[in-house]
Amino acid sequence: DQQVKQNSPSLSVQEGRISILNCDYTNSMFDYFLWYKKYPAEGPTFLISISSIKDKNEDGRFTVFLNKSAKHLSLHIVPSQPGDSAVYFCAASDTGTYKYIFGTGTRLKVLA
Amino acid sequence: GAGVSQSPSNKVTEKGKDVELRCDPISGHTALYWYRQSLGQGLEFLIYFQGNSAPDKSGLPSDRFSAERTGGSVSTLTIQRTQQEDSAVYLCASTLRGQKFQETQYFGPGTRLLVL
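So the sequences go chain by chain: L and S. The numbering of the first sequence is the working numbering, which starts it at 1 and goes up by one. The numbering of the second sequence is the working numbering, which starts it at 1001 and goes up by one.
1) Measure the Cβ-Cβ separation of S/E1068 and S/T1078 and say whether it is below 9 Å.
2) At a Cβ threshold of 9 Å, is S/L1114 touching chain L?
3) Which residues bound the beta strand (DSSP E) around S/P1055?
4) Go ahead and label S/L1091 buried or exposed: buried means 16 or more other beta carbons lie within 10 angstroms of its beta carbon, across all protein chains shown.
5) Work out the CA separation of L/D31 and S/Q1102 for me, nearest whole Å.
6) By the three-class DSSP mapping on this structure, what secondary structure does S/Q1084 have?
7) How many Å lie between L/Y88 and L/S10 at the Cα?
8) In chain S, which residues lie with their C-beta within 9 Å of the C-beta of L/F46?
9) CA-CA distance, S/G1051 and S/R1097?
10) Kindly say whether L/Y32, judged by its beta-carbon, lies nearer than 9 Å to any beta-carbon of chain S.
11) For L/Y100, tell me which candidate among S/K1015, S/F1065, S/V1115, S/I1047 has the shortest Cα-Cα distance.
12) Among the residues of its own chain, which have a CB less than 7 Å from the CB of S/A1088, if the five just before and after it don't count?
13) Which class does L/D31 belong to by DSSP, given the choice of helix, strand or coil?
14) To be precise: take each residue of the segment 1024–1037 of chain S, compare its Cβ to all Cβ atoms of chain L, and keep it if any distance is under 8 Å. Which residues remain?
15) I need the straight-line Cα distance from L/A70 to L/K109, nearest angstrom please.
16) Check whether chain S comes within 9 Å of L/V64, counting only Cβ atoms and requiring the distance to be less than that.
17) Using the C-alpha atoms, what's the distance from L/N27 back to L/V64?
18) Over what stretch of residues does the beta strand (DSSP E) that includes S/V1019 continue unbroken?
19) As an exercise, report each continuous beta strand (DSSP E) stretch of at least 3 residues that is fully enclosed by the segment 19–88 of chain L, in chain order.
20) Tell me whether S/R1112 sits in a helix, a strand or coil according to DSSP, three-state version.
21) Could you have a look at S/V1074 and say whether DSSP puts it in helix, strand or coil?
22) Residues of chain L with CB under 8 Å from S/Q1083, in chain order?
23) Give the range of the beta strand (DSSP E) segment to which S/S1014 is assigned.
24) Taking S/P1109 and S/Q1006 to be in contact with their CB atoms under 8 Å, please state how far apart those CB atoms are, rounded to whole angstroms.
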């Protein structure tokens, strides 16, 4: 049972436009959510996170939105840059446990 | 250290051989995680260490997999009698405090294992 789902395996966006990556989860106990970026042959690197007490967190060009009622989060990248081309993973955790559950990733390609 | 390091970066082995993968977490991080990423899949949780203890080993795919952590630092993941389905990227991550804290996991570059 996939508790964290990223239903779009890939996304292409023109440079300068907005990239929106989506993630859905099923476990209502999740209270902390993270986005990671992964380049080929490297480990995932942390991008941005959000606690369930918030519905938005912003860091520069990156904003994460959380809709708890829909069990949905999204990552917005504005403006998109070619260097943003990577695989993006969302992850969720229930703070009471040690587990971080990852989605299968979305490959973003930003076209110059 | 500056970040999480893993060795070897690549490992090619023959079916049936044993392999040992190593992870050096960030200095001072008490929690350590092992994940596996098979081709086209997400990150599959394997095991978690809080200090030298592994409270839950249920993520390990079979009894051919084992892991240990010594001195609250270095961890080794051992796969005995490797099978072709063990081929994957094995990732290690660490956090400062672990369970019950909202923390960022810091990942190593991974070990790419290919079982022929």
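Idealized CB from N, CA, C, for every residue including glycine.
This is what the structure holds:
1) yes
2) no
3) 1053–1056
4) buried
5) 9 Å
6) helix
7) 10 Å
8) T1104, Q1105, Y1106, F1107
9) If you take the alpha carbons of S/G1051 and S/R1097, they lie about 9 Å apart.
10) yes
11) S/I1047
12) R1036, Q1037, S1038, L1113
13) coil
14) A1031, Y1033, Y1035
15) 27 Å
16) no
17) 19 Å
18) 1019–1024
19) The qualifying runs are 19–25, 32–38, 45–51, 56–59, 62–67, 72–77.
20) strand
21) coil
22) The contacting residues do not exist; S/Q1083 stays about 23 Å from chain L at best.
23) Position check: residue 1014 of chain S holds Glu in this sequence, whereas Ser was assumed. Here S/E1014 belongs to no beta strand (DSSP E), and DSSP marks it neither H nor E.
24) About 6 Å separates the CB atoms of S/P1109 and S/Q1006; that is less than 8 Å, so the two are in contact.
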